[in-house]
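So the structure is just underneath, and the comments pick up after that.
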Amino acid sequence: MNPDITRERENATFDVEKLTHILDGGIEKTKRRREIESLVISDPDFQSEDLNFLSRSERYDAAVKKSAHMILKLREYGISDPEEIYYYSLHMINTPLDLHLGMFLPTLLNQASPEQMETFFIPAWNLEIIGTYAQTEMGHGTHLRGLETTATYDPATQEFVMNSPTITSIKWWPGGLGKTSNHAIVLAQLHTQGKCHGLQAFIVPLRSMNTHIPLPGVVVGDIGPKFGFDEVDNGYLKLENVRIPRDHMLMKYAKVEADGTYVKPPSAKLTYGTMVFIRSMIVGEAGHALAKSCTIAIRYSSVRHQSEIRPGEPEPQIMDYQTQQYKLFPLLATAYAYKFVGQYMNQVYHRITGDISQGDFSELPELHALSAGLKAFTTWTASAGIEVCRMACGGHGYSRCSALPDIYVNFVPTCTYEGENTVMMLQTARFLIKS
Amino acid sequence: YRQASAGHQLSGIVSYLNESERRLQPQSVSSRPTVVNVNDLASLVDAYKLRAAKLVEMAAKSIQQELQKRVSQEDAWNNSAIDLVRASDAHCHYVVVKLFAAKLGEIGDTGVHSVLSTLALLYALQGIQQHSGDFLQTGLLSVPQLSQVSQRLKDLLAQLRPNAVGLVDAFDYRDEMLNSVLGRYDGNVYEHMFEWARRSPLNKTEVHESYHKYLKPLQAKL
Chain A
1 MNPDITRERE NATFDVEKLT HILDGGIEKT KRRREIESLV ISDPDFQSED LNFLSRSERY
61 DAAVKKSAHM ILKLREYGIS DPEEIYYYSL HMINTPLDLH LGMFLPTLLN QASPEQMETF
121 FIPAWNLEII GTYAQTEMGH GTHLRGLETT ATYDPATQEF VMNSPTITSI KWWPGGLGKT
181 SNHAIVLAQL HTQGKCHGLQ AFIVPLRSMN THIPLPGVVV GDIGPKFGFD EVDNGYLKLE
241 NVRIPRDHML MKYAKVEADG TYVKPPSAKL TYGTMVFIRS MIVGEAGHAL AKSCTIAIRY
301 SSVRHQSEIR PGEPEPQIMD YQTQQYKLFP LLATAYAYKF VGQYMNQVYH RITGDISQGD
361 FSELPELHAL SAGLKAFTTW TASAGIEVCR MACGGHGYSR CSALPDIYVN FVPTCTYEGE
421 NTVMMLQTAR FLIKS
Chain B
436 YRQASAGHQL SGIVSYLNES ERRLQPQSVS SRPTVVNVND LASLVDAYKL RAAKLVEMAA
496 KSIQQELQKR VSQEDAWNNS AIDLVRASDA HCHYVVVKLF AAKLGEIGDT GVHSVLSTLA
556 LLYALQGIQQ HSGDFLQTGL LSVPQLSQVS QRLKDLLAQL RPNAVGLVDA FDYRDEMLNS
616 VLGRYDGNVY EHMFEWARRS PLNKTEVHES YHKYLKPLQA KL
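In order, the protein sequence lines correspond to chains A and B. Going by this note's numbering, the letters in the first sequence line up with residues 1 to 435, in that order. Going by this note's numbering, the letters in the second sequence line up with residues 436 to 657, in that order.
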């Protein structure tokens, strides 16, 4: 153990373990988290060459292998609680199956009719169906009403004809879409009986379940290298008159009868719940990313010696410089602040989910506005904060061995996905002005 | 803001717009008592609340002024977007500070409570320093107080210094999760940095093939 860092720990004026319990939400949570982490860390199948030393294709390959292994292990250990799955998956930066687990399955649970659950859920659970969630288009992001992909109902054959009518309507970005998935839940404008009824979700087969070759009319592939997310095949999807049966439109709420009659959903607010959930998770992620970055920069600052404060004395730890403290300690405070906000949003989300199931939507508008604003507020600050931590490590922060470049490039997309931050802030503003 | 202005009682986190509506009646700044006590977290939370309320009001007023120029509601909104984003930012900042302060109330252990209180105070004061213009403009802070904030912030840095490593240890990231040579738990950074570098694919051979392919032929030509 490095003597500097040992001395630092001896100087602490509080019980570190107790604070860890508070951060986890209790002693039992800490215990369970550590158990799960040990399961993963001691599992040889999760060991791989340092990702920093692999090509993009090798990184994708390693991620697919780990995801496949993770799913088997989750079943073997009987881990099904979302929070415990989250602990388990923390060892993976991002995986091609993230959207299958995080969006495709939950959307089936939330929006599939009982008959559709019968048809799709078990095959999806057993990964015969590998799904993704295709919403964003090359020319359209946060403004959902602007999406151009169409699903036109043909009463003669009781099918929907899916199309990407323009280049800007090509689906773009969904994780796992490029090479991994064989189905996608596609958000498209529903046209029936000559009228457009807005966005609906459709299950679209993409690849043969035997050969994995793309089906006729489906043009699908990887969008190419990105700033980060090397392990994930973010993809593009162009649909050319792809026909799907009527029962492939998710019909728990909105429906289309055999003759093409459209039946409205009971409430337009239903999808807001999912948005609040995802954005609450992102707030927690901001605390997590900042906490990791602070851990790296502050531990390093306690063992790095540089220059001098009083001439002739040994080089001090760089954490003794006020400027270093001023860079890092407010970010440390911010990391704690965001961890606590993440806990609060999680509790609130569970409470309102209960309310919604009772048909009480009263708190939803405020929470929707708050989660949008907090998602933007925390991800902007955390992204900038990670970069400050990286720079605070001097030149070594530039090396991939610090892990800070990876943390940065894999966290910074949170500023644009699940709603571009400026748009999120304006959503909150709308509620504030209305209030 | 509109509902509060019309006298409706709001519920939830935005109910401060009701309360602030009264307190922010136009009166000269000098006669309004300054609320910030740099040592009192509750007072700082209150200051963030009033700052948020003020920025919401300013954004609303901007929209109203735009509407008086006979532009459409949408254009008035877009021409006030910068104010609106600032108002949302201030609202979120208030919520984060408020929740941090509220969390302290749940902490029983005195040692942990003390160090987290220091962190919360630092977070709040740093926000005030970063957005001092807002706080000055709303009369929540006076210029002399600004230097108090700076001084107090420096004191807090020194106060936190002994606990910095403990506070990051509490996040409890295992080395395998952090995957960072600089952030190793044992602090033995340089040995492992050298070891890591030696495993770089470029070091698989002592002489990389590009030397024979390009450099040596180049030398022969020159």
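The beta carbon of each residue, even a glycine, is placed where N, CA and C say it ideally should be. These numbers were taken from a predicted model, which means no experiment stands behind them.
Within chain B, the residues that residue i reaches when beta carbons sit closer than 9 Å
i                : result
Lys434 (chain A) : Tyr436, Arg437 and Gln438
Arg32 (chain A)  : Neighbours of Arg32 (chain A) on chain B: none; closest Cβ ~13 Å, over 9 Å.
Gly235 (chain A) : Per Cβ cutoff of 9 Å: no residues; Gly235 (chain A) is ~27 Å from chain B at best.
Straight-line Cα distance separating residue j from residue i
i                : j                : result
Asn638 (chain B) : Val16 (chain A)  : 41 Å
Leu101 (chain A) : Gly176 (chain A) : 11 Å
Pro214 (chain A) : Glu37 (chain A)  : 37 Å
Pro311 (chain A) : Arg7 (chain A)   : 23 Å
Asn453 (chain B) : Val506 (chain B) : 28 Å
Gln322 (chain A) : Gly601 (chain B) : 18 Å
Asn598 (chain B) : Ile542 (chain B) : 17 Å
Gly562 (chain B) : Thr553 (chain B) : 14 Å
Leu502 (chain B) : Ser357 (chain A) : 41 Å
Leu19 (chain A)  : Thr13 (chain A)  : 12 Å
Gln325 (chain A) : Leu99 (chain A)  : 39 Å
Ser440 (chain B) : Ala536 (chain B) : 29 Å
Leu370 (chain A) : Asn614 (chain B) : 33 Å
Leu459 (chain B) : Ile433 (chain A) : Low confidence applies to Leu459 (chain B): its pLDDT is 48, below 50, so where it sits in the model is not reliable, and the reading given next is rough at best. Approximately 16 Å between the Cα atoms of the pair.
Gln654 (chain B) : His647 (chain B) : 10 Å
Ile71 (chain A)  : Ser57 (chain A)  : 21 Å
Glu118 (chain A) : Glu49 (chain A)  : 41 Å
Ile27 (chain A)  : His21 (chain A)  : 5 Å
Trp173 (chain A) : Ala68 (chain A)  : 22 Å
His548 (chain B) : Gly540 (chain B) : 9 Å
Close Cβ partners of residue i (< 6 Å) along its chain, the five nearest in sequence each way excluded
i                : result
His197 (chain A) : Leu190 and Tyr262
Val464 (chain B) : Here the model assigns Val464 (chain B) a pLDDT of 46, short of 50, so the residue's position is not dependable, and the following value carries that caveat. Gly574.
Met345 (chain A) : Ser280 and Val283
Glu641 (chain B) : none
Ile170 (chain A) : Met138, Ser164, Tyr236 and Lys238
Asn52 (chain A)  : Arg400
Under 9 Å by beta carbon: chain A residues contacting residue i
i                : result
Ser497 (chain B) : The premise fails here: Ser497 (chain B) is roughly 10 Å from chain A at the closest Cβ pair, so nothing lies under 9 Å.
Phe535 (chain B) : Ala333, Tyr336, Ala337, Phe340 and Val341
Endpoints, alpha helix (DSSP H) assigned at residue i
i                : result
Thr30 (chain A)  : Ile27 to Ile41
Ala522 (chain B) : Ala516 to Leu539
Cys196 (chain A) : Careful: Cys196 (chain A) lies outside any alpha helix (DSSP H), inside the beta strand (DSSP E) at Lys195 to Pro205.
Ile386 (chain A) : Leu364 to Ala392
Arg243 (chain A) : No alpha helix (DSSP H) holds Arg243 (chain A); the beta strand (DSSP E) holding it covers Val242 to Pro245.
Gln654 (chain B) : Lys651 to Lys656
Gly562 (chain B) : Thr545 to Gln565
Phe53 (chain A)  : Premise fails: Phe53 (chain A) is in no alpha helix (DSSP H) and is neither H nor E.
Leu331 (chain A) : Gln322 to Ser357
Beta-carbon proximity list for residue i, same chain, < 7 Å, skipping 5 on both sides
i                : result
Asn421 (chain A) : Ala376, Thr379, Trp380 and Cys415
Asp4 (chain A)   : Ser302, Val303 and Gln317
Ser435 (chain A) : none
Val423 (chain A) : Thr142
Ser466 (chain B) : In this predicted model, Ser466 (chain B) has a pLDDT of only 46, less than 50, meaning its place in the structure is not dependable enough to derive any value.
Where the beta strand (DSSP E) through residue i begins and ends
i                : result
Tyr153 (chain A) : Thr150 to Asp154
Glu159 (chain A) : Glu159 to Asn163
Neighbouring residues, chain B, relative to residue i (Cβ below 7 Å)
i                : result
Leu19 (chain A)  : Val547 and Ala605
Ile296 (chain A) : Leu613, Ser615, Leu617 and Gly618
Proximal residues of chain A, C-beta to C-beta of residue i below 8 Å
i                : result
Gly447 (chain B) : Glu363 and Glu366
Ile542 (chain B) : Ile22
Leu569 (chain B) : It should be noted that the sequence gives Asp, not Leu, for residue 569 (chain B). Neighbours of Asp569 (chain B) on chain A: none; closest Cβ ~15 Å, over 8 Å.
Arg634 (chain B) : Asp50 and Phe53
Gln471 (chain B) : Residue 471 (chain B) is actually Val in this sequence, not Gln. Those do not exist, as Val471 (chain B) stays about 18 Å from chain A at its closest Cβ, beyond 8 Å.
Chain B contact residues for residue i, given Cβ-Cβ distances below 8 Å
i                : result
Gly385 (chain A) : Neighbours of Gly385 (chain A) on chain B: none; closest Cβ ~12 Å, over 8 Å.
Phe14 (chain A)  : Asp544, Gly546, Val547, Ser549, Val550, Asn598 and Gly601
Arg9 (chain A)   : Val600, Gly601 and Asp604
Tyr300 (chain A) : Leu617, Gly618 and Val624
Identified DSSP bridge partners for residue i
i                : result
Gly235 (chain A) : A:Asp222
Arg437 (chain B) : Arg437 (chain B) is not bridged to any residue.
Gly131 (chain A) : A:His183
Leu190 (chain A) : A:Ala151
Lys434 (chain A) : Beta-bridge pairing links Lys434 (chain A) to no other residue.
Any non-hydrogen atom of the ligand HEM closer than 7 Å to residue i Cβ
i                : result
Asp607 (chain B) : The ligand content of the structure shown is nil, which means the ligand HEM is not present either.
Cutoff 8 Å; reference residue i; Cβ partners in own chain excluding five residues on either side
i                : result
Gln444 (chain B) : Ser450 and Asn453
Gln158 (chain A) : Pro245, Arg246 and Ala258
Lys195 (chain A) : Tyr262
Amino acids of chain A, ordered along the chain, whose beta-carbon sits closer than 7 Å to that of residue i
i                : result
Ala658 (chain B) : Absent from the model: residue 658 (chain B). The displayed extent of chain B is 436 to 657, so no value can be given.
Ala516 (chain B) : Leu426
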